[in-house]
Amino acid sequence: QNGLTYQMTIDSLQDVAGNPVTGLSLSFGYYIPIAYKKSDLVVNELLADPEPVVGLPPAEFVEIFNRSKDSLWLRNWSITDGSSIGILPDQWLSPGAYALITSSSSSSIFNSSIVLPVTNFPTLNNSGDLLVIRDALGTVIDSLHYSASWYGDPDKAQGGWSLERTQPDSISTASRFWSASMNASGGTPGQP
């Protein structure tokens, strides 16, 4: 299956002289290059203003979601706000999986299955910003121009709450598909 790593083990084999060959293992990845398309991966959640802390770690993050039927190889993909560009590490993202992009200095404080530390993570403006995710060839895969008005709740817009896409399978970036998280911790980074 594309994007998976396999383990091959050789056991109970003899060479041409009759000597036993056992315990040989080989790990290999299977990869078929595919052309990524716009919205194969989407921004699904973001925390632009982590303070005051409600329950999430005190760090900005962007959650991405693989909407496609293929594993996506995120090596050399980028995230930018127009003023800084962060390069994603070498990571596969399975179909239907979530990953968290955050600064390298904050990556260890998140308890998510896939955390992508980025050295030059863009600063997310509290009032709103334009985020663009590009694949390794520079193709725009997703872009989002979010606004603090999308919270729909003036108290949650003050900080500590994430903005979540209400329908992750939708490709629309219209404000009606976004709202403040309803989770008591302030968000659901790395989870549906």
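Counting in this note's numbering, the sequence shown runs from 4 upward without gaps. Just so you know, even glycine gets a beta-carbon here, dropped at the ideal spot from N, CA and C. Small disclaimer: the values here were computed from a predicted structure and weren't measured.
query                                                                                                                   : result
Closest to serine 87 by CA distance: which of Val121, Gly58, Ser109 is it?                                              : Val121
Determine the DSSP secondary structure at serine 150, reduced to helix, strand or coil.                                 : strand
Does the Cβ of asparagine 47 have 16 or more other Cβ atoms within 10 Å, making it buried, or fewer, making it exposed? : buried
For methionine 11, write down the residues that DSSP places opposite it in a beta bridge.                               : Leu29
Bridge partners for phenylalanine 180 per DSSP, in chain order?                                                         : Bridge partners of phenylalanine 180: none, in fact.
Could you tell me which residues DSSP pairs with aspartate 84 in its beta bridges?                                      : None, per the DSSP bridge assignment.
Would you mind reading off the limits of the beta strand (DSSP E) that contains isoleucine 67?                          : 64 to 69
Give me the residue from Leu166, Asn114, Ser115 with the minimum Cα distance to glycine 131.                            : Leu166
Taking Cβ to Cβ, would you say alanine 183 is nearer than 8 Å to aspartate 145?                                         : no
Do you know whose CA, among Leu75, Ile117, Pro195, lies nearest leucine 7's CA?                                         : Leu75
Can you tell me which residues form a DSSP beta bridge with leucine 16?                                                 : Val24
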